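Each remark here refers to the structure printed beneath this line.
Chains as they are written, first to last, in the numbering used here: chain A, 629 to 739; chain B, 179 to 296.
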């Protein structure tokens with residue numbers, strides 16, 4: 629059974645810092661990996677999707693990498709802003725199209 | 179596009195009552211997912227449909243839970259009878275699941291229904 633772990637569970641940084649969120653998964657037989665953002669009381673917003681054949685994806689200040697063989701992904705946020713404060717969730721998609729989610733990293737960017 | 183629409187946004191009910199959650203996926207999407215989110219267990223997939231057909235309901239906790247998708251633009255998740263441990267936020271998500279060679283499997287989530295069972 630796929631298990632997804634995210635470290636750290638919570639992170640607080642001053643505005644302007646670059647930061648890295650980590651995600652690991654136990655079964656490397658995945659089709660893709662997705663990073664989502666969840667604001668309090670809201671649904672999830674997809675940030676980046678990395679196909680299993682890809683190594684990284686970039687969108688603005690966000691860069692996600694994938695090392696399928698080692699079961700790891702990182703989400704890099706450059707020049708963090710208070711508006712980046714949210715919970716970031718990593719999810720992997722298996723062969724049957726289900727997403728298995730990590731428990732998330734709660735990020736607070738202090739002004 | 180209005181995105182995935184869920185109703186109601188909040189539901190408070192008493193133990194033993196029937197609860198029906200509703201979802202309208204994004205037009206043109208052919209896959210629909212129901213998730214449950216709790217502090218203890220995080221986000222869990224309950225069931226998903228492809229082309230209105232249930233593909234995997236192994237995440238449905240027990241027989242009290244049932245889901246239907248009568249057409250491409252509407253799905254329901256029903257709990258009967260409800261119990262306090264069912265209290266959670268229930269999310270619906272949709273995606274376009276095409277050929278694996280042209281994956282556009284990004285799932286788009288609705289705002290969720292916060293269910294409280296007293």
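By construction, the Cβ of each residue, glycine as well, lies at the ideal position given by its N, Cα and C atoms. A quick note: this is a predicted structure, and the numbers were derived from the prediction, not measured.
- Around the C-beta of residue 261 of chain B, fewer than 16 other C-beta atoms lie within 10 Å, and the residue is accordingly described as exposed.
- In this structure, residue 665 of chain A keeps its C-beta atom at 8 Å or more from the C-beta atom of residue 704 of chain A.
- With fewer than 16 other CB atoms across the displayed protein chains lying within 10 angstroms of its CB, residue 216 of chain B is exposed.
- Between residue 223 of chain B and chain A, the shortest Cβ-Cβ separation is below 8 Å.
- The alpha-carbon separation between residue 190 of chain B and residue 258 of chain B amounts to approximately 14 Å.
- Between residue 713 of chain A and residue 690 of chain A, the gap from beta carbon to beta carbon reaches 8 Å or more.
- Rounded to the nearest angstrom, the gap between the Cα atoms of residue 701 of chain A and residue 284 of chain B is 17 Å.
- Between the beta-carbon of residue 226 of chain B and that of residue 211 of chain B there is about 4 Å, and that keeps the pair under the 8 Å contact cut.
- Between the C-alpha atoms of residue 222 of chain B and residue 706 of chain A there is a straight-line separation of about 30 Å.
- Annotated three-state conformation of residue 262 of chain B is helix, per DSSP.
- Separation of residue 660 of chain A and residue 295 of chain B (C-alpha to C-alpha, rounded to the nearest whole angstrom) is 36 Å.
- The beta carbons of residue 185 of chain B and residue 272 of chain B sit no closer together than 8 Å.
- For the options B:220, B:290, B:248, the alpha carbon positioned closest to that of residue 730 of chain A is the one of B:220.
- In terms of CA proximity to residue 196 of chain B, B:256 leads the group B:205, B:180, B:256, B:233.
- In the DSSP assignment, residue 705 of chain A falls within the unbroken beta strand (DSSP E) covering 700-705.
- The beta carbon of residue 737 of chain A is closer than 7 Å to those of 641, 643, 708, 709, 710, 712, 713 in its chain, skipping five residues each way along the sequence.
- Between residue 723 of chain A and the set A:693, A:698, A:680, A:687, the nearest pair of CA atoms involves A:680.
- The beta carbon of residue 220 of chain B falls within 8 Å of a beta carbon belonging to chain A, placing the residue at that interface.
- With fewer than 16 other Cβ atoms from the protein chains shown falling within 10 Å of its own Cβ, residue 695 of chain A counts as exposed.
- Here residue 241 of chain B is exposed, its C-beta having fewer than 16 other C-beta atoms within 10 Å.
- By the 16-neighbour rule on beta-carbons within 10 angstroms, residue 658 of chain A is buried.
- Around the Cβ of residue 725 of chain A, a 10 Å sphere holds 16 or more other Cβ atoms; the residue is buried.
- In this chain, the beta strand (DSSP E) harbouring residue 256 of chain B covers 252-257.
- Nearest in C-alpha terms to residue 673 of chain A, of all of B:182, B:206, B:291, is B:182.
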